[in-house]
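Using the working numbering, you'd call the opening residue of the sequence shown number 299 and step up by one each time. Note that CB positions come from ideal geometry on N, CA and C, so glycine has one too. The structure presented is a predicted model; accordingly, all values stated were derived computationally and were not measured.
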Amino acid sequence: MDPQVAASLSQWATESNSAVFISLGLLSGHVIVVSGETVDGVVKALSTDLTAECLPEDDEDGADVIQFHPAFTYPIYGEHERIFGYKGLRIQLSYAAGSLATLFEVDYAKRIEQMESTLSVPLKADDVDGPMRSVLAQNICNTREEFAQRVAFDTQAFRPIGQKVHEYKGTREAEGDEQLRYEIYESGFESSEFRAYHERMQTLVLFFIEGAQFIDMDDERWRVFTVFERLDINGVASYSLVGFCTMYRFFHWPDRKRPRISQFLILPPFQGQGHGSSLYRFIYSMVLASPEYADLSVEDPSEAFDDMRDRNDMRYLLKHKAFDHITCAPVSRSDIVELQRRFKLSMRQMTRCLEIALLQRIKSESAPEFRQLRLFIKRRIYAQNTDLLQDLDADDKKQKVAESFAAVIDDYRRILSLI
């Protein structure tokens, strides 16, 4: 391609992550998905051009907007996450706080229709509307006015779907240490009302969970846990979605179930406030308390989730003196199995927590206990990577295992610094 033509065409390419804006709002000082008590207030808020770093002052109409970008858009606009054929492209998704009523808008300054070049085919803009609509719920709002009416109604009328199973309080420093109320609900797809709600909610996993896919709502083994912030607005309870978790229940021989956390998401405005830990701790406590559950596992967790999980598991295990009877490595397989059975963690996670606890007790790498722990961890590393190591010579095997051990110890020390 002619360099001048290529340079000219590049001006019409947009990174899709930067082009997509997800709208969140402010109501009575609380960050929530777009909310408002008046139709005019919502329309005015939607018309405000904001960035994630630019927060508006409270508005007397009761609705403001904060916007941020998704982490991923490749499930919608392709692996390169680029859209061709527009200048000033803006793809706007606005969600109502609790009900997730949705407004989808596309705007741009210019669109390429045809351009003189040496190319043998005409230039055509990519389809922006179709790919996004294919992952949104079908019954979305068609106009800002329709969306504003829905938001004004839902701010007072929406109630979480499912069974309330837990509640907790949280504090935001920005709110003057005010105690805020949060509620967790459990739902299944046997409810047609929740199916419709999940259709609106599931698009969010594509934006923020790498490799996420929509789950099969016809499979009765799925359970979904939703977290809501409850606010009292003029004496009326108003709910805002904080996050959610999907859990699949596998069969565990002979007569129990093995729950596995699949999708786990706290919405960006609520991240860093402990909600992920609160949700995870509730799910773990539920698994511990139920005789029908064998142990809790996690499907392909992110690094951030792993950290949160490690912190909470270690705090629980140490509080309940899980390792008090174990003095040093090596630890027998039967002892690990007994710990795993008692505390209902996966074997991998139980072993990891045990190794962290053993390291915590060691004061120096020159201590005999550290040498014993090193051999214990290296044997595990070798056993778990036999297929990858089998083609290496003896010296390369030792080097690879030693490198893995050093990385594991560094990671364990990092986790210990967090608990």
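Alpha carbon of residue i to alpha carbon of residue j, nearest angstrom
i: Leu671; j: Ile654; result: 10 angstroms
i: Asp357; j: Arg442; result: Confidence at Asp357 is low in this model, with a pLDDT of 47, below 50, so the placement of that residue should be treated as unreliable; the coordinate-derived value is given next. Approximately 18 angstroms, taken between the alpha carbons.
i: Leu615; j: Val433; result: 41 angstroms
i: Ser576; j: Pro552; result: 31 angstroms
i: Asp691; j: Gln365; result: 54 angstroms
i: Pro566; j: Ser632; result: 42 angstroms
i: Arg409; j: Asp452; result: 36 angstroms
i: Gln447; j: Thr524; result: 25 angstroms
i: Ala602; j: Phe568; result: 15 angstroms
i: Pro557; j: Ala704; result: 32 angstroms
i: Met449; j: Gln436; result: Going by the sequence as given, residue 449 is Val instead of Met. One C-alpha to the other measures close to 18 angstroms.
i: Met606; j: Glu597; result: 15 angstroms
i: Ile679; j: Arg650; result: 11 angstroms
i: Asp555; j: Val585; result: As written in the sequence, residue 555 is Lys, which differs from the Asp given in the question. Cα to Cα, Lys555 sits roughly 10 angstroms from Val585.
Residue range of the unbroken alpha helix (DSSP H) whose run includes residue i
i: Ala290; result: Only positions 299 to 717 of the chain appear in the structure, and residue 290 is not among them; the question remains open.
i: Gly428; result: 427-431
i: Gln454; result: 442-455
i: Gln700; result: The sequence given here places Ala at residue 700; Gln does not occur at that position. Residues 692-714.
i: Tyr406; result: Neither: Tyr406 is in no alpha helix (DSSP H) and is coded neither H nor E.
i: Ala317; result: 314-317
i: Leu687; result: 684-687
DSSP state of residue i mapped onto helix, strand, coil
i: Glu497; result: helix
i: Arg558; result: strand
i: Ile717; result: coil
i: Ser664; result: coil
i: Glu653; result: helix
i: Ile374; result: helix
i: Leu615; result: helix
i: Ser326; result: For Ser326, the pLDDT reaches just 36, beneath the cut-off of 50, and the residue's location in the model is therefore unreliable, leaving the point undetermined.
i: Ile679; result: helix
i: Phe674; result: helix
i: Gln477; result: strand
i: Phe512; result: coil
i: Ala399; result: coil
i: Ser490; result: helix
i: Glu597; result: coil
i: Pro354; result: With a pLDDT of only 41 at Pro354, under the threshold of 50, the placement of this residue in the model should not be trusted; the figure read from the coordinates follows. Coil, per DSSP.
i: Gln569; result: coil
Local Cβ density within 10 Å of residue i, reported as buried at 16 or more and exposed below that
i: Gly396; result: buried
i: Lys467; result: exposed
i: Lys661; result: exposed
i: Ser392; result: buried
i: Ala665; result: exposed
i: Glu411; result: exposed
i: Leu657; result: buried
i: Glu636; result: exposed
i: Gln697; result: exposed
i: His623; result: exposed
i: Val534; result: exposed
i: Gln461; result: exposed
i: His496; result: buried
i: Val404; result: exposed
Other residues of its chain near residue i: CB distance less than 6 angstroms, five sequence neighbours each side excluded
i: Leu716; result: Arg609
i: Pro373; result: Leu504
Close-in-space but distant-in-sequence residues of the same chain around residue i (CB under 7 angstroms, 5 per side omitted)
i: Glu313; result: Glu379, Arg380
i: Thr544; result: Ile513, Trp520, Val522, Ser560, Gln561
Bounding residues of the beta strand (DSSP E) (the contiguous stretch that carries residue i)
i: Thr524; result: 520-531
i: Asp633; result: Here Asp633 belongs to no beta strand (DSSP E); instead the alpha helix (DSSP H) covers 631-641.
i: Gln390; result: 388-393
i: Phe580; result: From DSSP, Phe580 is part of no beta strand (DSSP E) but of the alpha helix (DSSP H) over 573-587.
i: Ile381; result: 380-382
i: Ser536; result: 534-550
Interface flag, residue i vs chain B, CB-CB below 8 angstroms
i: Ile559; result: Looking at the structure shown, chain B is missing, and only one protein chain is on hand.
Other residues of its chain near residue i: CB distance less than 8 angstroms, five sequence neighbours each side excluded
i: Ala587; result: none
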